[in-house]
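Asker: Protein chains in written order, with UniProt numbering: chain A, 1 to 213; chain B, 1 to 213. This structure is in structure tokens; I'll ask about it shortly.
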């Protein structure tokens, strides 16, 4: 498989973690979201991903899959071990809901193109943009911390899953934009337990071939 | 079951469609998102939905489920007919990806609390807010129209499913905010085919007990 990825994209980060957890080898194809006005807008990439976003996963038969949650779920169905979601429908809904607090309520509102549009439309300064991002992370994390369990190493049990993947990726942005994490001791504990695992560590932005650090 | 809903919430609209498609009777509990600064912030509601958002579905045993996509998926697993998602993993990923273009890329960026925050933070006028919403709908619909099939009554086949549900709900907002739908003839065709079905028609905002029209 080939993963079109950008080291700092938290959506791509989610898929990298899922691929690593499933033990699936893949080739990284970097898509630089900032060079040349954004290489996600290049016609050959848009042919694979009409939304002009990363990630895109190319299956071995050439089929492109887009949207990180749809990709992670595909990987979970086709490679059931270790499971990323519980089989019980109610527990599964709780894990999915926690994942969506990050993947729907926080991340899209803070996406690069959204903060770029804030600058273009409202003259938002770099500090305005950072505070915008922190605002939505606080809003989401306040909810998320009440949704996860408080008696398990990971968000919902003894193994990490869908919601842990989303949490860890979002935490990269939280640290990048200097969010005060003091109120989120439980979320930080989950992040640290995840990052101690090789599957998460290898997926970290700074460990990618296109990292610029 | 009880559904905490607001007539104009497109996330609640999705769940109403899914419940109707599955033939599940439910009681609507209106949550007025605009009265009194927003009744989604009332402590008794936040105890059910820590994210301060609608919808929340209360199961018969009292369990609250949140996040519309997680709820729709719960309903699909526990009530398999008619299916909202294909069983083939690749086809399922395509349907999910199209749904997420609406549910992640468009809707959260246009959510009521986000446009309210634009006003508070950047002094956005009502027209600024409407153009913000139209911008993200155009961006998402441009992608979505390339992702759906063009040879079927519904987005991916002869029966509506997950992505049709998200499309129809978002189209309510598109019409509300006067988006020019001329470029989206295929999406409009899918919307019209869906709204001709009783399950979709009964879920329309204007057919809800709390509609203010």
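Glycine included, C-beta positions come from ideal geometry on N, C-alpha and C.
(1) Contact check, residue 30 of chain B vs residue 9 of chain B under 8 Å by CB: the rounded distance?
(2) With H, G and I counted as helix, E and B as strand and the rest as coil, what does DSSP make of residue 29 of chain B?
(3) Drop a sphere of 10 angstroms on the beta-carbon of residue 41 of chain A, count the other beta-carbons inside from all chains shown, and report buried for 16 or more, exposed for fewer.
(4) Measure the C-alpha to C-alpha separation of residue 2 of chain A and residue 174 of chain A and round it to an integer number of angstroms.
(5) Would you please state the rounded distance, in angstroms, between the beta carbons of residue 102 of chain B and residue 161 of chain B? I believe it to be under 8 Å.
(6) Measure the Cβ-Cβ separation of residue 104 of chain A and residue 108 of chain B and say whether it is below 8 Å.
(7) Quickly, what does DSSP pair residue 65 of chain B with across the bridge? List them, please.
(8) Do three or more CB pairs link the region 129-146 of chain B to the region 193-205 of chain B at distances below 8 Å?
(9) Who are the Cβ neighbours of residue 184 of chain A in its own chain at under 7 Å, not counting the five residues just before and after it?
(10) Grab the span of the alpha helix (DSSP H) containing residue 6 of chain B for me, first residue to last.
(11) Can you tell me where the alpha helix (DSSP H) with residue 208 of chain A in it begins and where it stops?
(12) Starting from residue 133 of chain B and walking both ways along the alpha helix (DSSP H), at which residues does that stretch end?
(13) Counting only Cβ-Cβ distances shorter than 9 Å, please list the residues of the region 136-150 of chain B near chain A, keeping chain order.
(14) Between residue 74 of chain B and chain A, is the shortest Cβ-Cβ distance under 8 Å, so that the two count as touching?
(15) Would you call the region 16-36 of chain A in contact with the region 71-82 of chain A, where contact means no fewer than 3 C-beta pairs closer than 8 Å?
(16) Find out if the Cβ-Cβ distance for the pair residue 147 of chain B, residue 106 of chain B is shorter than 8 Å.
(17) Would you say residue 18 of chain A faces chain B, with C-beta separation under 8 Å as the test?
(18) Is residue 130 of chain B close to chain A? Criterion is C-beta to C-beta, closer than 8 Å.
Answerer: On the basis of the supplied data:
(1) Taking the first residue of the second chain as position 1, residue 30 of chain B is located at position 30. Taking the first residue of the second chain as position 1, residue 9 of chain B is located at position 9. Contact between residue 30 of chain B and residue 9 of chain B is absent: CB atoms are separated by about 10 Å, not below the 8 Å threshold.
(2) Looking up residue 29 of chain B in the second chain gives position 29. Strand, per DSSP.
(3) By one-based count along the first chain, residue 41 of chain A stands at place 41. By the 10 Å Cβ count, residue 41 of chain A comes out exposed.
(4) For this step, residue 2 of chain A is matched to residue 2 along the first chain. For this step, residue 174 of chain A is matched to residue 174 along the first chain. Taking the Cα positions, residue 2 of chain A is about 28 Å away from residue 174 of chain A.
(5) The sequence position of residue 102 of chain B within the second chain is 102, counting from 1. The sequence position of residue 161 of chain B within the second chain is 161, counting from 1. The pair is not a contact, with the Cβ atoms about 13 Å apart (cut-off 8 Å).
(6) As a working mapping, residue 104 of chain A is identified with position 104 in the first chain. As a working mapping, residue 108 of chain B is identified with position 108 in the second chain. Contact: yes.
(7) Here residue 65 of chain B is taken as the residue at index 65 of the second chain, counted from 1. According to DSSP, residue 65 of chain B bridges with B:57.
(8) Judged by Cβ distances under 8 Å, the region 129-146 of chain B makes no contact with the region 193-205 of chain B, as fewer than three pairs qualify.
(9) Looking up residue 184 of chain A in the first chain gives position 184. So the list reads 141 and 145, once near-sequence residues are dropped.
(10) As a working mapping, residue 6 of chain B is identified with position 6 in the second chain. Unbroken run through residue 6 of chain B: none, as it is neither H nor E.
(11) For the purposes of this step, residue 208 of chain A is taken as the residue at position 208 of the first chain. From DSSP, residue 208 of chain A is part of no alpha helix (DSSP H); its letter is neither H nor E.
(12) The sequence position of residue 133 of chain B within the second chain is 133, counting from 1. For residue 133 of chain B, the enclosing alpha helix (DSSP H) has its first and last residue at 126-147.
(13) Here the close residues are 136, 139, 140, 142, 143, 144, 145, 146 and 147.
(14) Within the second chain, residue 74 of chain B is the residue found at index 74, counting from 1. Yes, because at least one Cβ of chain A sits closer than 8 Å to the Cβ of residue 74 of chain B.
(15) With the rule of 3 Cβ pairs closer than 8 Å, the region 16-36 of chain A counts as touching the region 71-82 of chain A.
(16) Counted from its first residue, the second chain places residue 147 of chain B at position 147. Counted from its first residue, the second chain places residue 106 of chain B at position 106. For the 8 Å CB-CB criterion, residue 147 of chain B and residue 106 of chain B do not form a contact.
(17) Taking the first chain and counting its residues from 1, the one referred to as residue 18 of chain A is at position 18. Taking Cβ atoms only, chain B never reaches closer than 8 Å to residue 18 of chain A, which makes this a no.
(18) The sequence position of residue 130 of chain B within the second chain is 130, counting from 1. It does not: the Cβ of residue 130 of chain B has no partner Cβ on chain A nearer than 8 Å.
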